[in-house]
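In the working numbering, the protein residues as written are 349 to 545. Every residue gets a Cβ at the ideal spot worked out from N, C-alpha and C, and that includes glycine. Report on the structure given below.
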Amino acid sequence: MSAPAPRAWQRMLSGRRLDLLDPAPRDIEIADIAHGLARVARWNGQTRGPHVFSVAQHSLLVEAVGRHIVPACADPDSLELLLHDAPEYVVGDIISPLKAAIGDAYRGVELRLLAAIRSRFGLPAPAPTLARLVKRADRIAAHLEAVRLAGFAPDEAALHFGRATDLPGAVVALAEPWPTAEAEARFLDRFRNLSGT
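Here's what the structure looks like:
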């Protein structure tokens, strides 16, 4: 008799069982995403301040940077910006050097989760211009976080994330770490505002 297949699902606080290898859109809940992302630390927790800088807060920062770059950004496009790292609510935030070392296996899981998340919330795969905006906003946010929170010198951050971009004070303020409950609530509020739910 063969051994049972290893468990590939995670139980969510909503009661859903999310299969990490074959995620079904029906098993994805925004409350689970907000809860998880607010508890995942960017930069492996190596940031200044009394609170971790969470992926939920990073997502809000990326969305704000994207809207700064493209002020006429439509709400569905802003949702793509907000949800760009949503798979990390179950797979965690793995820093880029480690992702490169792990290779395609991790990337495949991440992409399947992102496709299921997009399907759950009615978002198509992004057009190339939107994909470029997400990448650009993510790099601008990473540069800001690297210098303000993660101990990078400006030149070092520029080498890894591109040159610094001038941002309005309201956007820069999003890089001040919040308590977990605040990050969760603000992420959820922004999602609901953009999705009209």
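Item checked: Spatial neighbours of residue 523 in its chain, beta-carbon cut-off 7 Å, leaving aside the 5 residues before and after -> Numbered from its first residue, the sequence shown carries residue 523 at position 175. Within the same chain, residue 523 has close Cβ partners 409, 492, 493, 496, 497.
Checklist line | the region 363-372 in contact with the region 444-451 per 3-pair CB rule at 8 Å | finding: Touching, no, given that fewer than three Cβ pairs across the two stretches are closer than 8 Å.
Next item on the list: Give every residue of the same chain whose Cβ lies closer than 8 Å to the Cβ of residue 379, excluding the five residues on either side of it in the sequence, and list them in chain order.
Entry: Residue mapping note: residue 379 aligns to position 31 of the sequence shown, counting from 1. Only 361, 362, 536 meet the Cβ criterion.
Next item on the list: State the start and end residues of the unbroken alpha helix (DSSP H) segment that holds residue 538.
Entry: Counted from its first residue, the sequence shown places residue 538 at position 190. Unbroken alpha helix (DSSP H) run through residue 538: 528-543.
Item checked: Counted within 10 angstroms of its Cβ, other Cβ atoms place residue 443 as buried (16 or more) or exposed -> Taking the sequence shown and counting its residues from 1, one reaches residue 443 at position 95. By the neighbour-count rule (16 or more Cβ atoms within 10 Å), residue 443 is not buried but exposed.
Checklist line | Per DSSP, the bridge partner or partners of residue 332 | finding: Nothing can be reported for residue 332: it is not among the residues displayed for the chain, which extend from 349 to 545.
Note to self: Can you tell me which residues form a DSSP beta bridge with residue 366?
What the structure shows: Numbered from its first residue, the sequence shown carries residue 366 at position 18. In DSSP, residue 366 forms a bridge with 358.
Notebook entry, point to check: Can you round the beta-carbon distance between residue 400 and residue 389 to whole angstroms, since I take them to be within the 8 Å contact cut?
Noted result: Counting from one through the sequence shown, the residue named residue 400 turns up at place 52. Counting from one through the sequence shown, the residue named residue 389 turns up at place 41. Right, the Cβ-Cβ distance comes to about 4 Å (below 8 Å), so this counts as a contact.
Next item on the list: Kindly indicate which three-state DSSP category residue 350 falls into: helix, strand or coil?
Entry: Stepping through the sequence shown from its first residue, residue 350 is reached at position 2. Collapsing the DSSP output to three states places residue 350 in coil.
Next item on the list: Closer than 7 Å by C-beta to residue 509: which residues in its own chain qualify, once you throw out the five before and the five after it? Chain order, please.
Entry: The sequence position of residue 509 within the sequence shown is 161, counting from 1. Answer for residue 509: 487, 490, 491, 494, listed in chain order.
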